[in-house]
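Student: Got a structure here, written out as structure tokens. Questions coming.
Numbering (mature numbering (1 follows the signal peptide of the UniProt record, and there is no 0)), first residue to last: -26 to -1, 1 to 312.
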């Protein structure tokens, strides 16, 4: 064998050995900076091999059996996107444990803490369809935790899946938990083969730290006079809901001020969404949100015949929906002159 080929082979062997060694170390150690979520104990003997926590982010949860839609993606009615403080934890359970045993322990822990189970399934037949497996939605390669080699390839070949979504009401805001448990049948690393992996996502309701300044009535009037419309980002709704949140009050007050200052002005109140969810779902949600704004304005003394709610759904974005920055710009309410 030529020297250059021997050198390449030696380098490849050394790289493989390094990766395997780092995986072995990761299986025995906690991910750097990782810590358990305070309310939820880990399964005894588990290692926290992946961790991420963000003050405000989006997270997917599953609320029904996954199946493929006409677009080749899991159907939107079984998947929801939540927003808030997002903590993601990836555990490796000790050897010789079944996924059902680990799952039941977590389920019992959650119910003992007062969580209500919103959705639960066990096994491929209950949870998934071919091409629409849980791991594709919850832990795709593009969304894998990057703490170490094990976290990057978790759920590569999952089997015996169990899943639940649960919620806990608290004075400071609700918590939603997504729990995915499966056996790793992959052979990439002997440390994880036939061991149970646990993916725990916790979303705490927390308003986004918005940089958008409440648009005052004078600015609304100016924009409507020049462009026929004004986009508002100070009207807040919970994910997948149409009820206005209390922090919407300043913007509502400015809209009332605008309309009382121009008694002849009639407007459309138009709801807009991002692209999370299907077309029909978002059209309906945006219509309901627009109607909610109209109802609040009527309660504040604006004549109903001056207001018409409309839902544009996801068909009129002002930014790409590729990331949260773009999606947050598309979630808005517009006032359009009739």
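For each residue, glycine too, the CB sits at the ideal point set by N, CA and C. Nothing here was measured: the structure is a model prediction, and the numbers come from that model.
Whole angstroms are fine: how far does the CA of residue 243 sit from the CA of residue 257?
Tutor: If I take the Cα positions, the gap works out to 14 Å.
Student: Are the beta-carbon atoms belonging to residue 318 and residue 294 less than 7 Å from one another?
Tutor: Because residue 318 is not part of the residues shown, which for the chain are -26 to 312, the question remains open.
Student: CA-CA distance, residue 8 and residue 92?
Tutor: Spanning the two alpha carbons is a distance of roughly 28 Å.
Student: Along the beta strand (DSSP E) that carries residue 64, what are the first and last residues, could you check?
Tutor: Counting along the chain, the beta strand (DSSP E) containing residue 64 begins and ends at 53 to 66.
Student: Residue range of the beta strand (DSSP E) that residue 139 falls in?
Tutor: Residues 132 to 142.
Student: Taking the Cβ atom as the reference point for each residue, do residue 207 and residue 221 lie within a distance shorter than 7 Å?
Tutor: Their beta carbons are not under 7 Å apart, which means residue 207 does not touch residue 221 by this criterion.
Student: Could you say which of 225, 155, 107, 263 lies nearest to residue 339 if we only look at CA atoms?
Tutor: The chain is shown from -26 up to 312; residue 339 falls before or after that span and cannot be answered.
Student: Using the beta-carbon count (16 or more within 10 Å), is residue 135 buried or exposed?
Tutor: By the neighbour-count rule (16 or more Cβ atoms within 10 Å), residue 135 is buried.
Student: Using the beta-carbon count (16 or more within 10 Å), is residue 159 buried or exposed?
Tutor: Exposed.
Student: Bridge partners for residue 298 per DSSP, in chain order?
Tutor: Its beta-bridge partners do not exist; DSSP assigns none.
Student: Is the segment 18 to 32 close to the segment 62 to 72, with three or more CB pairs under 8 Å?
Tutor: Enough Cβ pairs lie closer than 8 Å, so yes.
Student: So, residue 266 versus residue 216, is the Cβ gap smaller than 7 Å?
Tutor: Against a cut-off of 7 Å, the Cβ pair of residue 216 and residue 266 comes out as a contact.
Student: Is the separation between the beta-carbon of residue 41 and that of residue 103 shorter than 7 Å?
Tutor: For residue 41 and residue 103, yes; Cβs fall inside 7 Å.
Student: Would you kindly work out how many angstroms separate the C-alpha atoms of residue 124 and residue 152, rounded to a whole number?
Tutor: About 21 Å.
Student: What whole-angstrom Cβ distance do residue 157 and residue 132 have, given they're in contact under 8 Å?
Tutor: That pair is a contact at about 7 Å.
Student: Helix, strand or coil for residue 311 per DSSP?
Tutor: Residue 311 falls in the strand class under three-state DSSP.
Student: Could you give the C-beta distance for residue 90 and residue 141, rounded to a whole number, given that I count them as a contact under 8 Å?
Tutor: Sure, about 6 Å apart at Cβ, within 8 Å.
Student: Are the CB atoms of residue 195 and residue 232 within a distance shorter than 7 Å?
Tutor: Yes, the pair counts as a contact, with Cβ atoms nearer than the cut-off.
Student: Can you tell me whether residue 238 is buried or exposed, with buried defined as 16 or more other CB within 10 angstroms of its CB?
Tutor: Looking at its Cβ environment, which holds fewer than 16 other Cβ atoms inside 10 Å, residue 238 is exposed.
Student: Assuming the contact rule is C-beta atoms closer than 8 Å, residue 118 and residue 128 should be a hit. Round their C-beta distance to whole Å, please.
Tutor: That belief holds up - the Cβ atoms of residue 118 and residue 128 are roughly 7 Å apart, short of 8 Å.
Student: Let's test the definition: count the other Cβ atoms within 10 Å of the Cβ of residue 296 and tell me whether it reaches 16, buried, or not, exposed.
Tutor: So residue 296 ends up on the exposed side.
Student: Strictly by DSSP, which residues pair up with residue 287?
Tutor: Answer is 246, bridged to residue 287.
Student: Can you check DSSP and say which residues form a bridge with residue 33?
Tutor: 56, per the DSSP bridge assignment.
Student: Residues in its own chain within less than 7 Å of residue 38 by CB, not counting five upstream and five downstream?
Tutor: Closer than 7 Å at the Cβ level, and outside the excluded window around residue 38, lie 51, 52, 93.
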